[in-house]
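Participant:
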Amino acid sequence: MTKLALVLTGGGARAAYQVGVLIGIAELLPRGANCPFEVVTGTSAGAVSAVALATDPTHFRRTVSGVEDIWRNFRVNQVFRSDTQTMLRSGLHLTLALISGGWLVHPPHSLLDNEPLRELLRARLDFSRIGPAVKEGHLHAVAISATSFTSANSVTFFAGADEIKPWRRASRYGTRVELTLAHLMASLSIPFLFRPIAVDGEYYGDGAMRQTTPLTPAIHLGADRILVIGVGSPDSYAASAPVEQAEPGFGQMFGFMLDSLFWDGVYSDLDRIRAFNQFGAARQIEPLVIQPSQDLSVIAARHAGELPRSLRILLRTMNAGSPGGSQLLSYLLFEGAYTRELIELGIRDAATRAAELRALLGTSARVVPA
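Per my numbering, the very first residue in the sequence shown carries number -5; after that it's consecutive.
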C-alpha cells in the first residue's frame, strides 16, 4: 500500500492560502470522507493546520471547516500583542538596548509577544486526540519540525505507527514524542519576531531555519506520494517582476529572508527527488506542488491599511511600509480581509489543479462507515 503525505510549509499569515487549498480538496471528496492523507507534516504556520488535521482525521471536511473559521476571522491581536502601549514599549526597549550596547536594558528576546497565539491554539487544538487517532489507524503519522538552538539541528517531532523508527542524518533527526502545544509553539517561533521556546531543556525556533530537506520527514514516515502546499511567489512572477531601483530597506530584506527561509529548501528537495526518480531509485517518490498563482505580496499591499496603527508605525520604521517591504507585510498581516482573499485564491487554485489532485488522491478518499 502506498501512502499519501501532506506537507505544509511555513509562511505566517500566508498560510491562509493553504487553508483555501485544503477546502478545495475537501470539495473533491465525498461527504464524510476521512482525511485522505495518511501522513501529515507541517512547519511553522503550516504546523497549525497539520495538528488540526491530526486531531480529527475521521472527518476531513469538518476539520478543515474549523480551521477555515479561524483564518477567515483572524485579527492581529489574536497572534501577537499589537496595542499601542506594547508596540511603544517594544520599540523603546529595542532602541535603548541598541544605544546602550545592552548596559541600560538587556536586548529583547523578540520584537513581538505571541502569547495571544498560544492561548488561541490552547483553546482550539486538543493534542490528546492525536495518539488515539494513530492507534486506531485513522492516521499513520503526524510531524512538526523545529530548529534546536542548542544542537543546531533540524528536529522533527513525530507521533506515528509503531513500525516507524526514529532517524538521524547530518544536521537533522526525527524523534518520537507525545506532541504538545510546546512543540507547535517552537515550530512557530520565527527568529527575531517571536522568542525561542524551551522543550525538554533545549531552546527551539522556527522549523524552517535548518530544514534543508523539508520533504524528507514525510518520506521517513512512510510516504511515497506527497502533496506540498507552499506559499511562495508563482514561478512566472520571478521572471517578470520589475527590478527595484531603490536600495532595499530592512523590511524588504527581512521579507526576502522569510521568503527564502520558507520556500528555497522545498525547491532543492524537489530537485533531489526528481534526480533520484530519474536514475531509477528503488523507491519512487511522486510529488505534486501547489503554490499561489498570484503574488501574495501584491495582495498584502492592498490590505496594509487594515493593520493596527501602532503596528503600521513599527513596520514603517523597518521600511516595510514601502512597496518593496510588502513581502514582510504579507507574512504579518493577520487580518480577516487579507486572509479571506488568500483562502479564496487557494480554493480557485485547487479547482484549477483538480485533475492532478484527483489523480494523486487516488483511492485515499476513504469514507467513514455509518
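Note that the Cβ used here is the ideal one computed from N, Cα and C, for glycine as well. If you're wondering where the values come from, they're calculated on a predicted model, not measured in any experiment.
Taking the alpha carbon of ALA(-1) as the reference point, which residue from VAL33, LEU22, ALA10 and ALA27 has its own alpha carbon closest?
Facilitator: Against the sequence shown, residue -1 aligns to sequence position 5. Checking every option, the nearest Cα to that of ALA(-1) belongs to VAL33.
Participant: Could you spell out where the beta strand (DSSP E) holding THR150 opens and where it closes?
Facilitator: Against the sequence shown, residue 150 aligns to sequence position 156. Looking at the DSSP string, the run of the beta strand (DSSP E) that includes THR150 is 148 to 154.
Participant: Report all residues from its chain with a CB closer than 6 Å to the CB of LEU252; omit the five preceding and five following residues, and keep chain order.
Facilitator: The residue you call residue 252 lines up with position 258 of the sequence shown. Excluding residues up to 5 positions away in sequence, TYR325 lie with their Cβ nearer than 6 Å to the Cβ of LEU252 in the same chain.
Participant: Classify GLY249 as helix, strand or coil using the three-state DSSP reduction.
Facilitator: The residue you call residue 249 lines up with position 255 of the sequence shown. Helix.
Participant: When you compare the CB positions of PRO302 and VAL73, do they come within less than 7 Å of one another, or not?
Facilitator: Position 308 of the sequence shown, counting from 1, holds the residue named residue 302. Position 79 of the sequence shown, counting from 1, holds the residue named residue 73. No.
Participant: Which residues share a DSSP beta bridge with GLY199?
Facilitator: If you number the sequence shown from 1, residue 199 lands on position 205. Beta-bridge pairing links GLY199 to THR141.
Participant: Just list the beta strand (DSSP E) runs in the region -1 to 86, keeping only unbroken ones of 3 residues or longer that don't cross its boundaries, in chain order.
Facilitator: 33 to 37
Participant: Roughly how many angstroms lie between the CA atoms of GLY226 and LEU23, to the nearest whole one?
Facilitator: Position 232 of the sequence shown, counting from 1, holds the residue named residue 226. Position 29 of the sequence shown, counting from 1, holds the residue named residue 23. If I take the Cα positions, the gap works out to 26 Å.
Participant: Name the two residues that bound the continuous beta strand (DSSP E) containing THR169.
Facilitator: Walking along the sequence shown from the start, residue 169 turns up at place 175. Taken as a continuous stretch (DSSP letters only), the beta strand (DSSP E) holding THR169 covers 166 to 170.
Participant: Near SER59, what residues of its chain come up, given a Cβ to Cβ distance below 6 Å and the 5 sequence neighbours on each side ignored?
Facilitator: Translated into positions along the sequence shown, residue 59 becomes position 65. There are no such residues.
Participant: When you compare each of VAL45, ASN28 and ARG75 to ARG56 by their alpha carbons, which one comes out closest?
Facilitator: Numbered from its first residue, the sequence shown carries residue 56 at position 62. Here the closest residue by C-alpha is ASN28.
Participant: Around the C-beta of ALA235, are 16 or more other C-beta atoms found within 10 angstroms, so that it is buried, or is it exposed?
Facilitator: Stepping through the sequence shown from its first residue, residue 235 is reached at position 241. Any reading at ALA235 must be qualified, since the residue scores a pLDDT of 49, below 50, and its modelled position is unreliable; no value is offered.
Participant: Per DSSP, which one or two residues make a beta bridge with PRO281?
Facilitator: Numbered from 1 along the sequence shown, position 287 holds the residue referred to as residue 281. PRO281 pairs with ILE220.
Participant: Helix, strand or coil for ILE158, going by three-state DSSP, please let me know.
Facilitator: The count along the sequence shown starts at 1 and reaches residue 158 at position 164. Looking at ILE158 - three-state DSSP - the assignment turns out to be coil, as it is neither helix nor strand.
Participant: For the region 109 to 124 against the region 198 to 209, do three or more pairs of beta-carbon atoms, one drawn from each stretch, fall closer than 8 Å, so that the two count as touching?
Facilitator: no
Participant: To the nearest angstrom, how far is it from the Cα of ALA232 to the Cα of GLN321?
Facilitator: Within the sequence shown, numbered from 1, the residue matching residue 232 stands at position 238. Within the sequence shown, numbered from 1, the residue matching residue 321 stands at position 327. Its pLDDT being 46, under 50, ALA232 is placed unreliably in this model, and the coordinates cannot settle the point.
Participant: Just to confirm the assignment, what range does the alpha helix (DSSP H) spanning VAL193 have?
Facilitator: Residue numbering aside, residue 193 sits at position 199 when the sequence shown is read from its first letter. Looking at the DSSP string, VAL193 is not in any alpha helix (DSSP H); the run it does join, the beta strand (DSSP E), is 191 to 193.
Participant: From which residue to which residue does the alpha helix (DSSP H) around PRO185 run?
Facilitator: The residue you call residue 185 lines up with position 191 of the sequence shown. Note, PRO185: premise wrong, no alpha helix (DSSP H); not H, not E.
Participant: Please list, in chain order, all residues of the same chain as PHE256 whose beta carbon is under 6 Å from its beta carbon, the five residues on each side excluded.
Facilitator: Your numbering for residue 256 matches position 262 in the sequence shown. Once the five neighbours on either side are set aside, the close Cβ partners of PHE256 are THR3, GLY4, GLY5 and ALA202.
Participant: Put ALA276 into one of helix, strand or coil per three-state DSSP.
Facilitator: Position 282 of the sequence shown holds residue 276. Three-state DSSP puts ALA276 in coil, outside helix and strand.
Participant: At what residues does the alpha helix (DSSP H) containing ALA298 begin and finish?
Facilitator: Counting from 1 along the sequence shown, the entry for residue 298 is found at position 304. It is not in any alpha helix (DSSP H) - ALA298 carries neither H nor E in the DSSP assignment.
Participant: Please go through the same chain and pick out, in chain order, the residues whose beta-carbon is closer than 8 Å to the beta-carbon of SER287, but skip the five residues on each side of it.
Facilitator: The sequence position of residue 287 within the sequence shown is 293, counting from 1. Once the five neighbours on either side are set aside, the close Cβ partners of SER287 are PRO228, LEU339, ARG342, ASP343 and THR346.
Participant: For ALA348, collect the residues of the same chain with a Cβ closer than 7 Å to its Cβ; drop the 5 residues on either side in sequence, then sort them by chain order.
Facilitator: The count along the sequence shown starts at 1 and reaches residue 348 at position 354. Once the five neighbours on either side are set aside, the close Cβ partners of ALA348 are LEU22.
Participant: Compare the C-alpha of LEU290 against each of THR(-4), VAL1, LYS(-3) and ALA9 and name the closest.
Facilitator: Taking the first residue of the sequence shown as 1, we reach residue 290 at position 296. Among THR(-4), VAL1, LYS(-3) and ALA9, the Cα nearest to that of LEU290 belongs to ALA9.
Participant: Nearest to ALA164 by CA position, among ARG170, GLY154, SER148 and LEU309, is which residue?
Facilitator: The count along the sequence shown starts at 1 and reaches residue 164 at position 170. Minimum Cα distance to ALA164 is reached at SER148.
Participant: Thinking C-alpha only, which one of ILE267, SER254 and VAL171 is nearest ALA135?
Facilitator: In the sequence shown, the residue the question calls residue 135 occupies position 141. When only C-alpha atoms are compared, the closest one is VAL171.
Participant: Report the partner residues of VAL136 according to the DSSP bridge assignment.
Facilitator: Here the question's residue 136 lines up with position 142 in the sequence shown. For VAL136, which the question treats as bridged, DSSP gives the partners VAL34 and ALA153.
Participant: Let's see if you can read the secondary structure: which residues bound the alpha helix (DSSP H) around VAL225?
Facilitator: Position 231 of the sequence shown holds residue 225. No alpha helix (DSSP H) contains VAL225, which DSSP labels as neither H nor E.
Participant: Going by DSSP, what residues sit across from ARG163 in a beta bridge?
Facilitator: The residue given as residue 163 occupies position 169 in the sequence shown. Answer by DSSP bridge pairing, in chain order: ARG166.
Participant: Ignore the nearest five residues each way along the sequence and tell me which others in HIS132's own chain have a CB closer than 6 Å to its CB.
Facilitator: Position 138 of the sequence shown, counted from the start, is the residue given in the question as residue 132. The residues are PRO51 and THR52.
Participant: Count the CB pairs spanning the region 144 to 158 and the region 168 to 186 that are closer than 8 Å, and state whether there are at least three.
Facilitator: yes
Participant: May I ask you to report which of helix, strand or coil DSSP gives GLY131?
Facilitator: Position 137 of the sequence shown, counting from 1, holds the residue named residue 131. Coil at GLY131, not helix or strand.
Participant: Measure the alpha-carbon distance for LEU354 versus ILE19 and round it to whole angstroms.
Facilitator: Taking the sequence shown and counting its residues from 1, the one referred to as residue 354 is at position 360. Taking the sequence shown and counting its residues from 1, the one referred to as residue 19 is at position 25. About 11 Å.
Participant: Classify ASN271 as helix, strand or coil using the three-state DSSP reduction.
Facilitator: As a working note, residue 271 is residue 277 in the sequence shown. In the three-state reduction of the DSSP assignment, ASN271 falls in the helix class.
Participant: What is the rounded straight-line gap between the Cα of LEU215 and the Cα of ALA155?
Facilitator: The sequence position of residue 215 within the sequence shown is 221, counting from 1. The sequence position of residue 155 within the sequence shown is 161, counting from 1. Those two C-alpha atoms are separated by around 9 Å.
Participant: Do you know offhand how far GLU109's Cα is from LYS(-3)'s?
Facilitator: Sequence index remark: in the sequence shown, residue 109 carries index 115 (1-based). Sequence index remark: in the sequence shown, residue -3 carries index 3 (1-based). Roughly 36 Å between the two C-alpha positions.
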